[in-house]
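Written out below as structure tokens is the structure these notes cover.
Residue numbers (this note's numbering): 385 to 557.
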């Protein structure tokens with residue numbers, strides 16, 4: 385079955401799918417992390433229905449979801465407005481794809497990346513950035529296969545826990 389990617393308004397159904405799949409993905413990636421309980425606490429606070437929906441009232445964020453038939457299989461958040469200090473050197477208008485969710489095989493992720501690229505070109509972004517967790521080997525492989533280059537390593541805080549994030553880059557000009 386073909387996978388279709390489209391913009392979505394964060395409805396309660398979509399938000400619940402994101403919450404459930406975020407919990408499953410974080411458990412898969414971080415269950416052996418020394419501070420997994422802190423990560424779970426972070427999830428409880430950040431990925432509750434009301435705060436999640438409210439956080440998407442920001443017009444600089446857009447949600448993409450990949451569907452097989454009408455069933456969601458992957459999602460990602462696009463962020464068009466990055467603070468100056470987060471922009472890559474020589475990039476005036478970057479687009480960041482982050483908070484990617486997918487199953488263990490990465491179903492729908494290649495399609496999300498392809499759609500992110502199309503959006504970046506349509507909206508004349510000069511750079512497309514992809515952020516994923518260092519522990520997510522599946523995503524890294526798919527991202528590299530899509531022609532993205534490693535850009536830098538970052539560390540994200542989740543409560544008292546710190547996890548490695550990788551930033552990949554592709555020039556759009």
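C-beta atoms are modelled at their ideal positions from N, C-alpha and C, and glycine is treated no differently.
Are residue 554 and residue 532 touching if we call contact CB-CB under 8 angstroms?
Yes, they are a contact pair.
Given this structure, state the Cα-to-Cα distance separating residue 488 from residue 529, to the nearest angstrom.
Taking the straight line from one Cα to the other gives about 17 angstroms.
Pick from 484, 498, 442, 399: whose alpha carbon is nearest that of residue 522?
Measuring from the Cα of residue 522, the nearest candidate turns out to be 484.
On the DSSP letters alone, give me the boundaries of the alpha helix (DSSP H) that residue 444 sits inside.
That residue, residue 444, is in no alpha helix (DSSP H); it is neither H nor E in DSSP.
Indicate whether residue 430 and residue 460 have their beta-carbon atoms separated by less than 8 angstroms.
The answer is no: Cβ separation not under 8 angstroms.
Taking residue 525 as part of the alpha helix (DSSP H), name the residues at either end of that continuous run.
Note, residue 525: alpha helix (DSSP H), 521-529.
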